[in-house]
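A short write-up of the structure that comes next.
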Amino acid sequence: MKQTDTNSIRYPQEIDEKMEKLAKNLSRSKKELFCQMVDYFYRSKKDPADPGDEVLKKELSAGVNRIISFIRQQEKDFLLPLFTDAASLKTASSKQKELLEGIAKLLLAEREKTLSLIEKTDRLLAGMKIIATRQAEKDTLKQCFSELLEYYIVQREEMSWTTTTQKKDELAAHIRKSLKNL
Numbered sequence: 032m033k034q035t036d037t038n039s040i041r042y043p044q045e046i047d048e049k050m051e052k053l054a055k056n057l058s059r060s061k062k063e064l065f066c067q068m069v070d071y072f073y074r075s076k077k078d079p080a081d082p083g084d085e086v087l088k089k090e091l092s093a094g095v096n097r098i099i100s101f102i103r104q105q106e107k108d109f110l111l112p113l114f115t116d117a118a119s120l121k122t123a124s125s126k127q128k129e130l131l132e133g134i135a136k137l138l139l140a141e142r143e144k145t146l147s148l149i150e151k152t153d154r155l156l157a158g159m160k161i162i163a164t165r166q167a168e169k170d171t172l173k174q175c176f177s178e179l180l181e182y183y184i185v186q187r188e189e190m191s192w193t194t195t196t197q198k199k200d201e202l203a204a205h206i207r208k209s210l211k212n213l
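Heads up, this note's numbering is the position in the sequence shown plus 31, with the first residue counted as 1.
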């Protein structure tokens, strides 16, 4: 049986103490922790001697640049057309508002004219009612006058040349009185 753990590394006592603490905190053996550390630095290509970790900074910067370019692309594709459309809608809305205000003014003017026409029509109807009433009165007067005239003619015909003047005067007085009462 061949042993796979053939290499050894020498390091100071302080490092061993640090490694011991790390291994306890992570619940691993020192050998396992060392293998994982080597594996980590191999995969991440980080330099343990570099406290600023320039590779990480470059990766973060590249990630930030990708995010910024994505946001700029989204801005070009969505936000700018949206702002342009919003400006067009605002312009159209203001034109529509002006048109609606003009229509409102015209409607108010037409309302005033309509109210004036209604008032004049009401006065005209009242006048026509008065005329119709007077026409009815006129027709009634004509009828009464016609009856009086007929009565006078009949009474006059019944009188002869021998009728007294007093009867003739009574007839005339009766007809005059009837005419006054009309």
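We put the beta carbon where it would ideally sit given N, CA and C, even for glycine. Computed from a predicted structure; not experimentally measured.
At what residues does the alpha helix (DSSP H) containing residue i begin and finish?
{"i": "Ile162", "result": "Leu111 to Glu189"}
{"i": "Leu213", "result": "No alpha helix (DSSP H) holds Leu213; DSSP gives it neither H nor E."}
Are the Cβ atoms of residue i and residue j separated by less than 8 Å?
{"i": "Tyr183", "j": "Ile162", "result": "no"}
{"i": "Leu64", "j": "Ala54", "result": "yes"}
{"i": "Lys61", "j": "Glu48", "result": "no"}
{"i": "Cys175", "j": "Leu213", "result": "yes"}
Please check the pair residue i and residue j, which I expect to be a contact at CB under 8 Å, by giving their CB distance rounded to whole angstroms.
{"i": "Lys179", "j": "Leu210", "result": "A quick correction: the sequence has Leu, not Lys, at residue 179. Yes, Leu179 and Leu210 are in contact; Cβ-Cβ is about 7 Å, under 8 Å."}
Next item on the list: May I have a chain-ordered list of the alpha helix (DSSP H) segments no shorter than 4 residues that lie completely inside the region 36–96?
Entry: 44–57 and 61–75
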